[in-house]
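Down below is the structure, laid out as C-alpha cells.
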Amino acid sequence: MNRKETLAIAENWFQEQNWQPFPFQKESWKAFLEGKHGLLNAPTGSGKTYALWFPIVLNYIRNHPDYKTKHKKGLKAIWITPLRALSQEIKQSAERITQDLGTQMTVGIRTGDTSAKERAKMRTNMPDLLITTPESLQLLLSSKGYAKTFKDCSAIVVDEWHELLGTKRGIQMELGLSRLKTVCKDMRIWGISATIGNLEQAREVLLGPTSAELGNSVLIKANLNKKITVKSIIPKEMETFPWRGHLGLHLLDQVVPIINNSKTTLLFTNTRSQCEIWFQKILEKYPEFAGEMAMHHGSINKETRLWVEQAIRNESLKAVVCTSSLDLGVDFAPVETVVQIGGPKGVARFLQRAGRSGHRPGKESVIYFLPTHAIELVEASAMQKAVLNSAVEDRIPYLNSFDVLIQYLTTLAVSDGFYPDEIYPEIKQTFCYQAISDEQWQWLLNFLVMGSQSLKSYDEYKKVEIEEDGKFKVNSRAVAMRHRFQIGTIVGDATISVRYQKGGYIGSIEEYFISKLSPGDVFTFAGRNLEFIRIKGMAAHVRNSKKRTNKVPSWMGGRLSFSAKMSELLRQELYTAELVFSKQSEEIQALQPMFIKQREESIVPQPHQFLIETFKTRDGYHHMFYPFEGRAIHEGMSSLLAYRISLLAPITCSLAFNDYGFELLSDREINIQEILDNNLFTPEYMLTDLQKSLNSNEMARRKFRDIAVISGMVFTGYPEKGIKMKHLQSSSELLFDVFRDFEDDNLLYQQAYTETFEHQLEEGRLRLALERIAQQDIVWKQCSQPTPLSFPIITDRLREKLSNEKLADRIKRMMAKLTK
Amino acid sequence: MTFGLNLQHPLRMIQKIKILNQEFQLHPLGGLFWEGKSLLLISDVHLGKVSHFRKFGAAVPRKAIHKNFLLLDKIVSDFDPFQICFLGDLFHSSINKEWELFENWVAKTPAEILLVAGNHDIIAPEKFEKLKVSIFPELIIDSFLLTHHPEERKGCFTFCGHVHPSIKLKGFGKERIKLPCFFKSKSQMILPAFGQFTGTHSLDPKDSDEVYAIVEDSVIKV
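Protein chains in written order, with my numbering: chain V, 90 to 909; chain H, 4 to 225.
Structure (C-alpha cells):
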C-alpha cells in the first residue's frame, strides 16, 4: 500500500464522521508516514490526538497489509501523558480509530493507578498501544528484559510536552528517550506542545540537540486562530475594596450573574485552599446552587474528580470551582465561561485556562479576571495586553541535573545492568547532559558504587555493584525494591490520606496540616466539614461534622512568580496611572482612589523612578523597595541587599516579597542614605555576594530536599503502603548540613546551589533588573504609615530571615524583649 | 539576668545549676556533669547511624562518622570524669563497622562507662560487656533516676533523653530561631541529643519549666 492509499483511509474515516481534517492533522499524518520525527504545536481540544494516533495505526496497516485477519502481538507505540487523569480520554480516541479501521490492535493504560495484577499481565502481554506517564516509563526500564519489550515500538508520543519541559520529569523523559533510541529499531519521536515562547528549543530538547532525529524532524503549528476575550470584574465600590488579600470573596456577588448567564462556568483558583473556601462561600450565600456546583482539585479522590469531569460533559453542572487540576487535557465542550480568581502569574497559563471555554470551532473564548486585591487590577489590565500580543513565556529546560541521572542509572542497574561505555554516549546526546564532563561522569559512577570517591576498608556502602565484565548492576533485592518505590521526580510534602473511620477515601493532605490538629478539631476538606479523630498508619481518620469551622488545609506551592514578560507589561500598565484619565484602561481608572491615597505621602513610580519607602509600625522598621520584577527576582534582590547592608553593620531582618516589591523589616532603622551612598544596588560582584548571603544557603537547603529524594539519599518510605522504614528516614536538612561540613565538593550538594541561582533566583534576570535600577532616579519617601503599595507585602506572613549578628547576641536581645 | 558563665572554660561557656543541693554543669556540646560524683551524662549519640544509612544505599558523607568521636573526646577532656553514663540510644541500629571505632574509643577513654539502654539500643548486651561497659534498664543514684524515656517518679529527680528537645524563640521584627536545649521541669531534666546526625523535637515550656538553650559555644538560660 503506498502512502496515498494509506492516507485515504484516514480521510475516508473523517468523511464518514462528516468532519473535515485540519491542515495540521494532514501535515502530521504525512510527516509521520515519511518517517519523520517532530513537534506538534496544538492547543488542548483541537483534535491533536487524531493527528498522531492516526498515522501510528496507518503505519501498522501499511506494514501489515493482512492486518484485518492476522495480528502481530507486541508493543507498537507509547503515548506519554503527564497527568494520569487524561489517560482514559486518550484511550477512548485510540480505540475508536483501531476499531473503526478494523484492526485488532489493543490499547492499554499503565500508570500509578494500575493494579499490580494488571501490571504483571502486561509484563508477558503488552498492549499494542500503551498510554503511560513518564514515571511509569521509567518503571518499565527498571524491569528485566525491557529491551525486548520495546524492540518493535514504532512511535513514542509525548503529550503536553510544555508541561514537562523545564521540570525534572522532563529530564526523566529525555533520558528515557535516549535509551529507547538505541533499543527500538525504527522509532519515531513526537511531542505535542501548547504555545510557549521557545517552541524551537522544545523540539531540540525532545529530540536531542546533536541527534540525527533532530535533523530529520518537523515543527507543525496548528495555528487555529481562536478569539479570546478578557473581561475584568471591577469592584462596584472601590473604596471598600481591600488593599491586600488573596481570596477575592468581596466580588462573590458579582460572579453569580456570570454563572447564571452561562451554561457551565469554570472558576479557576490558584490554590487548593482558595478553591475550598470559594466553594464553601458560594454555597453559603447562594444555597440554590447546591447540586449544580462541584469542586475539583488535585487532593480530591479520583472517583470524585472523574465524576465531576463527566458531569461537566453532561452539562449537569452550572459551575465548578477548580485549580490547575483542570488546566490540562480533557475536552469540555459545554464550558462557556471561565473565571480566573486572582492573578494567574503567567500568560501561558491564562491562555490555557481561557481556552477551556468555547471549545466548539468558531466560538470565542471568554475569560473573566477577578482581582483579589486592588493592585491586582493592574495585573488584570496588563493581562489583556499580554493576550492581545500573545506574549507567552519560555519554559527553561534544566542542565546537568545529576540527581535525575543518578536515579536513571540506578534504574538501569536494577533491571538488566548497564555498561558505562554504552550509556555515556547516549546521555551526552541529551539536552540536559550535553555538557557533562568525563570527570563528572566518573564521579557519578564512583558515587553509585562506593557512595563516595574513594574506597575505605570499614565502609559498608552498598547499592550498585560492578560485575566482572564491567557491568553495573544492583543485586540486592531490597535496594531494587526501594528504588522502584522511589522512582518519580515529583517531590511534595509528605502527604497522608484522609479517610472515614469506616473506610472510604476522601483525599490526601499535607502531613504538616494534620500535625497541627488535635482530635475533635473540625476542618474543611473536599467541600465537607470533617472532624479529626486520629492518625493511623499513613491515614487520618475523620467523621462528618455539623460544626462550622474556619480551618482550611493550606497547600504549599501556590506561590508562583511573574515571568520577565509579565513583569514588563505590569510596569507599563502601572505607568499609565499618570496618564489623563480618559486614556486609562477601566481597571486603572477604578484604582483612582488608591492612587490618590498612595500619593498622599509617596508616589506612583514612573519609568525613570525607583521608589523606596520607609515607615515604622509596631512590628518594627519597614524598608520598602519596588522594582516590579516578579517575586523570584525580588527574593534574590532582597537577599542580596540585606547581605550588602550587613557588611556595613551587623543587622537582623526578615524579608518579605511579592510580585511588585520587597521589604526588609528590622528592629532598627536602616540608613537608606548609606545604601545609596555605597551604591548597594550595583550589579558588580552580584554572584559572589549572592552566594555569601545567608538566604541563598537557605534556598539551597530547600532545593536539596528534592535532590536528596530523587537521587535516593533520603528514603521517603512507602506512601499509602504504611510500611515503616523509620530507621532509614532522616530529614534532608540534616543531610544538607552534613554535606556542608564534610563533603562540600559533592556534585549533588553543589547542584542545590546551581538550581538556586539559575532556576529560583534567575541570576540573569536579576542582573538585568539591577542594571535597570542603576539607570533610574531613586525616590526615597519617609512615610508616617503604610502606603497602599506596601500593604500586601508587609502583611505577608511567609518570611525569610537574614542575620549576621552573633547568635548569642540575638538571643540576648530576644530575651531582653521577652522580659520587657 | 545572670548567665552563670564559668570563667574557667574560656572557650565553652558552661552553665552551672543546682538540683537537690547537688552541683551540675551543662556543657554546650549537650552533656551534663555531676560534680559531686564526677559523673558525665550524655544522651542520644546515635552512633552508627551514618554507617547504617550507607549500608542501605544512602550516601551520607563518610567523614561524618568521626565527628561524634571527636566531640566525645572533647567533652571528656573538658571534665575528665570518673564515670560516663550514656542515657540511651547510644547506637542507632544493629551492629556495623562503626562498632570497631567505638571499641577503640572505649579502650582509650580512662573513665568507666555505663549505658542505660534506650529504644534504639538493640545490640546484644554481651558485646558491651566484652568492652566492660555495663548496661542497665535504669539507674538510681541517691535520689536521682537515670533513664532513657522521660518519667516522673515520686521521690526522684529524673535525668533522661529520648526526646531530642529544642526550643523556639521569637523576637522583634518577626525573628524566629530554634535551638537544642536542656529542658528542666520540676522533677525532671531532659538532655539534648549529643549525636551529630540527629534531628530535634521542639517543646513548649510551661511557666514552671526551665530551659537551657545551646547557643553555639555556650549554654544560656532562657
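Even for Gly, the Cβ is constructed at its ideal location relative to N, Cα and C.
Nothing here was measured: the structure is a model prediction, and the numbers come from that model.
Residue i lies in the alpha helix (DSSP H); which residues open and close that run?
i, result
"Asp76 of chain H", "67-82"
"Cys88 of chain H", "First-last for Cys88 of chain H: 86-89, but that is the beta strand (DSSP E), not the alpha helix (DSSP H)."
"Gly265 of chain V", "257-272"
"Met570 of chain V", "566-575"
"Ile883 of chain V", "880-883"
"Ile734 of chain V", "720-737"
"Met211 of chain V", "205-213"
"His251 of chain V", "250-253"
"Ser137 of chain H", "From DSSP, Ser137 of chain H is part of no alpha helix (DSSP H) but of the beta strand (DSSP E) over 137-139."
"Glu235 of chain V", "Checking the sequence shown, residue 235 of chain V turns out to be Tyr, not Glu. 235-239 is the extent of the alpha helix (DSSP H) around Tyr235 of chain V."
Quick one: what does DSSP say residue i is sitting in, helix, strand or coil?
i, result
"Ile685 of chain V", "helix"
"Tyr156 of chain V", "coil"
"Arg333 of chain V", "coil"
"Ala283 of chain V", "coil"
"Gly581 of chain V", "Summary for Gly581 of chain V: the model assigns pLDDT 44, below 50, so the residue's position carries little reliability, and this model does not support an answer."
"Lys474 of chain V", "helix"
"Leu44 of chain H", "strand"
"Leu296 of chain V", "helix"
"Ala216 of chain H", "strand"
"Thr842 of chain V", "It is Tyr, not Thr, that sits at residue 842 of chain V in the sequence shown. The answer is helix: DSSP assigns Tyr842 of chain V an H, G or I state."
"Met90 of chain V", "coil"
"Cys246 of chain H", "The shown model of chain H, from 4 to 225, leaves out residue 246 of chain H, and the question about it has no answer."
"Cys411 of chain V", "strand"
"Gln698 of chain V", "strand"
"Leu907 of chain V", "The predicted position of Leu907 of chain V is uncertain, since its pLDDT is 44 and thus under 50; a value taken from the coordinates is nonetheless stated next. Residue state, collapsed to three classes: helix."
"Trp142 of chain V", "helix"
"Phe491 of chain V", "helix"
"Phe507 of chain V", "strand"
"Arg856 of chain V", "helix"
Tell me, to the nearest whole angstrom, how far the beta carbon of residue i is from that of residue j; I am working on the premise that it is less than 8 Å.
i, j, result
"Leu129 of chain V", "Trp279 of chain V", "7 Å"
"Glu26 of chain H", "Gly39 of chain H", "7 Å"
"Ser54 of chain H", "Asn99 of chain H", "4 Å"
"Phe614 of chain V", "Glu365 of chain V", "7 Å"
"Leu779 of chain V", "Leu729 of chain V", "5 Å"
"Arg258 of chain V", "Pro298 of chain V", "About 19 Å; that fails the 8 Å criterion."
The beta strand (DSSP E) that contains residue i, what's its start and end?
i, result
"Ser755 of chain V", "751-755"
"Trp869 of chain V", "866-871"
"Val553 of chain V", "Careful: Val553 of chain V lies outside any beta strand (DSSP E) and carries neither H nor E."
"Ala629 of chain V", "628-633"
"Ser743 of chain V", "741-746"
"Leu142 of chain H", "142-144"
Opposite residue i in the DSSP bridges: which residues?
i, result
"Ser135 of chain V", "None, per the DSSP bridge assignment."
"Tyr513 of chain V", "BP columns for Tyr513 of chain V are empty, so no partner."
"Leu182 of chain H", "H:Ile170"
"Phe127 of chain V", "For the record, residue 127 of chain V in the displayed sequence is Gly; it is not Phe. DSSP output for Gly127 of chain V lists V:Trp279, V:Val307 as bridge partner(s)."
"Leu35 of chain H", "H:Leu29, H:Leu44"
"Tyr589 of chain V", "V:Val631"
"Glu115 of chain H", "H:Gln86"
"Glu620 of chain V", "V:Val611, V:Arg632"
"Ala120 of chain V", "The partner list for Ala120 of chain V (beta bridge, DSSP) is empty, contrary to what the question assumes."
"Trp367 of chain V", "Bridge partners of Trp367 of chain V: none, in fact."
"Ala166 of chain V", "V:Leu218, V:Ala244"
"Ala62 of chain H", "According to DSSP, which records beta bridges pairwise, Ala62 of chain H is partnered with nothing at all."
Please confirm whether any heavy atom of the ligand PLP lies closer than 6 Å to the CB of residue i.
i, result
"Gln181 of chain V", "The ligand PLP is not part of this structure, which contains no ligands at all."
According to a CB-to-CB cut-off of less than 7 Å, which residues of the region 533-566 of chain V neighbour chain H?
Phe536, Gly540, Ser541, Lys545, Tyr547, Asp548, Glu549, Tyr550, Lys551, Lys552
Report the residues of the region 120-137 of chain H with a CB closer than 7 Å to any CB of chain V, ordered along the chain.
none
Contact residues within the region 57-72 of chain H, judged by C-beta distance below 8 Å to chain V
Arg57, Lys58, Phe59, Gly60, Ala61, Ala62, Val63, Pro64, Arg65, Lys66, Ala67, Lys70
Please name the residues in the region 824-847 of chain V whose beta-carbon is closer than 8 Å to at least one beta-carbon of chain H, in chain order.
Leu824, Val827, Phe828, Asp830, Phe831, Glu832, Asn835
To be precise: take each residue of the region 96-116 of chain H, compare its Cβ to all Cβ atoms of chain V, and keep it if any distance is under 7 Å. Which residues remain?
Ser96, Asn99, Lys100, Glu103
Please identify, using Cβ separations under 9 Å, the residues of the region 21-55 of chain H that lie next to chain V, in order along the chain.
Lys52, Val53, Ser54, His55
Name the residues in the region 771-796 of chain V whose C-beta lies less than 8 Å from a C-beta of chain H; which are they?
none
Compile a chain-ordered list of the residues in the region 343-375 of chain V whose CB is closer than 7 Å to at least one CB of chain H.
none
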